[in-house]
DNA sequence: CGCACGGTTCGGTGGGCGCCGAAGCGTCGC
DNA sequence: GCGACGCTTCGGCGCCCACCGAACCGTGCG
């Protein structure tokens, strides 16, 4: 190169992207999109490499600012550094999702279906469930899309009724629309999306399936969603009792 | 790997990110963020590699869906595939921009300053100028941020006065906030941001500096911005006559 | 105290890929 | 038609990096 990075940023952009440009690191980051903290060993098994390899990858991701590490006894817990990283990764995943990876095994297929049905996306809900909730909120006039995504006055009182605080957060946007990589449709994110997701867990509307990002709607959750949003429970079939 | 891509998407995510993970390809994509179409030769010189190398990189980017190609005589014009790609790239660039690449030469420094001052970001305005316009519009009550970014009723009539159509576009969001990688602050994007930028070019408020993404505010533009938005012209110093 | 376990570090190996120059192909202009 | 020009293809070179197993370090448990 005649002039090192003449217009600025290309080296920084490339090195940041390089952190995601490896299949193993991509698997690690996608796993951490569930918003929880994983250990190195868990990440290694999840992504199918030796622990030593995973440890090195994790180092790179931490140095690159994508992951935050926290030591506890002989464990090292890894989580995504912040919501910005999660949002950026989701946006790349959405762009990449145009052509979904081929599925070869039956078990992979069922897991994929569970994920497509309902899952957490960092700290809010995605999949059919997330989109359905967002659509229902729009239908009921709780969200407005006509010029950017907003919560209506009705929406604010609806949230308050659920006991969800609508106080303005710091830098983080109040509402944000997040494009789903399975549905290719927007769903609710931002502080409101996160609060709604947390409430759904706390109130027992949903629960995690095993240790994946997938969640299942409980019977109680089905009733609550029908009552609060008029959601048809039949849309939300699937395993939890 | 025991199970090819157990939770889906990691291979797709990695291969998409790999397209940005090379310094030359990153330079190409960043150049195309100006929203215009470049030839292979221009991109090669810009990124400092042989034409043959650039040609191969461009092939990869087109195959990956990041770029759209159009043949015209013996030229091949490249542009970003669509606004989604631009938004995703900007978001990665913003994440990567936490630590700006070191600047080594004086000319690089002045170019960088011009870029930081005012530039196009795909099809809207960014840099100090873009942020200043966005801030001024907020101050005047044309934009509201309290629960997501929206155009107020006053804002709509203000845009109409400028002759900017506020009809709802297709899938594309009406307004969108785009995080600037030099300012680390949000500025106006979406169809409104694009329309405003086009208007600024058409009305002669701004003009391109050479063939870069950087733009300069004209004297006429300074007056117009002061009149329409109360912007202090001294903030917008810099070269155009 | 000693073993089990989570994690890290280190060589060595192999494959992938970015780079170039040369040769070839199609288009434009004289 | 012929040269100039924009672009593409190909072969070869060299570097980088993802991977593993083995050795090592620290913590927790019996």
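Chains as they are written, first to last, in the numbering used here: chain A, 128 to 368; chain B, 128 to 368.
Cβ atoms here follow ideal geometry from the backbone N, Cα and C, with glycine treated the same way.
Looking only at its own chain, which residues have a Cβ that is under 6 angstroms from the Cβ of residue 277/B, when we skip the five neighbours before and after it?
Working through the second chain from its first residue, we reach residue 277/B at position 150. If you ignore the 5 residues before and after residue 277/B, its C-beta comes within less than 6 angstroms of the C-beta of 271, all in its own chain and listed in chain order.
Excluding sequence positions up to five away, which residues of its chain have a Cβ less than 8 angstroms from the Cβ of residue 331/A?
Locating residue 331/A in the first chain gives position 204, where the first residue counts as 1. Within the same chain, residue 331/A has close Cβ partners 345, 347 and 348.
Just checking, does the region 175-193 of chain A make contact with the region 241-251 of chain A on the three C-beta pairs under 8 angstroms criterion?
As far as the Cβ criterion goes, the region 175-193 of chain A does not touch the region 241-251 of chain A, which means the pair count is below three.
Decide yes or no for the touch test of the region 162-173 of chain A against the region 143-160 of chain B: beta carbon pairs closer than 8 angstroms, at least 3 of them.
Too few Cβ pairs lie closer than 8 angstroms, so no.
Using a Cβ-Cβ cut-off of less than 8 angstroms, list which residues of the region 247-280 of chain B approach chain A; keep chain order.
273, 274, 275, 276, 277 and 278
Quick one, which of 361/B, 164/B and 176/B has its alpha-carbon nearest residue 204/B's?
Taking the second chain and counting its residues from 1, one reaches residue 204/B at position 77. Nearest of 361/B, 164/B and 176/B to residue 204/B, Cα basis: 164/B.
My output table needs one value for residue 333/B: the three-state DSSP class, helix, strand or coil.
Within the second chain, numbered from 1, the residue matching residue 333/B stands at position 206. It is a strand residue.
Count the other CB atoms within 10 Å of the CB of residue 218/B; is the residue buried (16 or more) or exposed (fewer)?
Counting from one through the second chain, the residue named residue 218/B turns up at place 91. Answer is buried; the Cβ neighbour count reaches 16.
Alpha carbon to alpha carbon, how far is residue 208/A from residue 221/B?
The sequence position of residue 208/A within the first chain is 81, counting from 1. The sequence position of residue 221/B within the second chain is 94, counting from 1. Between residue 208/A and residue 221/B, the C-alpha separation is close to 15 angstroms.
When you compare the CB of residue 136/A with every CB in chain B, is at least one pair closer than 8 angstroms?
Along the first chain, one-based indexing puts residue 136/A at 9. So, interface residue.
Assuming residue 268/B and residue 279/B form a contact by the criterion Cβ under 8 angstroms, report the distance between their Cβ atoms to the nearest whole angstrom.
Taking the first residue of the second chain as 1, we reach residue 268/B at position 141. Taking the first residue of the second chain as 1, we reach residue 279/B at position 152. About 6 angstroms separates the Cβ atoms of residue 268/B and residue 279/B, confirming a contact at the 8 angstroms cut-off.
Please tell me whether residue 223/A and residue 140/B are closer than 8 angstroms, where the distance is taken between their beta carbons.
On the first chain, position 96 is the one that residue 223/A refers to. On the second chain, position 13 is the one that residue 140/B refers to. Yes, they are a contact pair.
Tell me the DSSP secondary structure of residue 245/B in three-state form.
Numbered from its first residue, the second chain carries residue 245/B at position 118. Residue state, collapsed to three classes: coil.
Please classify residue 168/A: does DSSP put it in a helix, a strand, or coil?
Counting from 1 along the first chain, the entry for residue 168/A is found at position 41. Note: residue 168/A maps to helix in three-state DSSP.
8 angstroms Cβ cutoff, residue 143/A in contact with chain B:
Stepping through the first chain from its first residue, residue 143/A is reached at position 16. Chain B, which has a Cβ nearer than 8 angstroms to the Cβ of residue 143/A, makes this yes.
How big is the Cα-Cα spacing for residue 187/B and residue 214/A?
For this step, residue 187/B is matched to residue 60 along the second chain. For this step, residue 214/A is matched to residue 87 along the first chain. Each residue's Cα considered, the two are about 25 angstroms apart.
Grab the span of the alpha helix (DSSP H) containing residue 154/A for me, first residue to last.
Here residue 154/A corresponds to residue number 27 of the first chain, with the count starting at 1. Note, residue 154/A: alpha helix (DSSP H), 150-159.
DSSP state of residue 356/B, grouped into three classes?
Taking the first residue of the second chain as position 1, residue 356/B is located at position 229. It is helical.
Counting only runs that start and end within the region 246-291 of chain B, where is the beta strand (DSSP E) found for 3 or more residues in a row?
At a cut-off of 3 residues, the continuous stretches assigned as beta strand (DSSP E) that sit fully inside the region 246-291 of chain B are 246-248 and 251-253.
8 angstroms contact criterion, which residue 342/B and residue 247/B should meet: CB distance rounded:
By 1-based counting over the second chain, the position of residue 342/B is 215. By 1-based counting over the second chain, the position of residue 247/B is 120. The pair is a contact, with the Cβ atoms about 6 angstroms apart (cut-off 8 angstroms).
For the beta strand (DSSP E) that contains residue 370/A, what are its first and last residues?
With chain A running from 128 to 368 in the structure shown, residue 370/A is simply not present.
Assuming residue 358/A contacts residue 259/A (C-beta within less than 8 angstroms), just tell me the rounded distance between them.
Locating residue 358/A in the first chain gives position 231, counting from the first residue. Locating residue 259/A in the first chain gives position 132, counting from the first residue. Indeed, because the Cβ distance is near 6 angstroms, the residues count as touching under 8 angstroms.
Are there 16 or more other CB atoms within 10 angstroms of the CB of residue 309/B, so buried, or fewer, so exposed?
Here residue 309/B is taken as the residue at index 182 of the second chain, counted from 1. Within a 10 Å sphere around the beta-carbon of residue 309/B sit 16 or more other beta-carbons, which makes this residue buried.
Find the residues of chain A that neighbour residue 215/B, judging by a C-beta separation of less than 8 angstroms, and give them in chain order.
As a position in the second chain, residue 215/B is number 88, starting the count at 1. The answer, in chain order, is 218, 219, 221 and 222.
Secondary structure at residue 238/B, three-state DSSP: helix, strand or coil?
What you label residue 238/B is simply residue 111 of the second chain in a count that begins at 1. In this structure, residue 238/B counts as helix in the three-state DSSP scheme.
Could you pull the start and end residues of the alpha helix (DSSP H) that residue 146/B belongs to?
Taking the second chain and counting its residues from 1, one reaches residue 146/B at position 19. 137-147 is the span of the alpha helix (DSSP H), which, as asked, contains residue 146/B.
If I follow the unbroken beta strand (DSSP E) through residue 306/A, where does it start and stop?
Taking the first chain and counting its residues from 1, one reaches residue 306/A at position 179. Unbroken beta strand (DSSP E) run through residue 306/A: 303-306.
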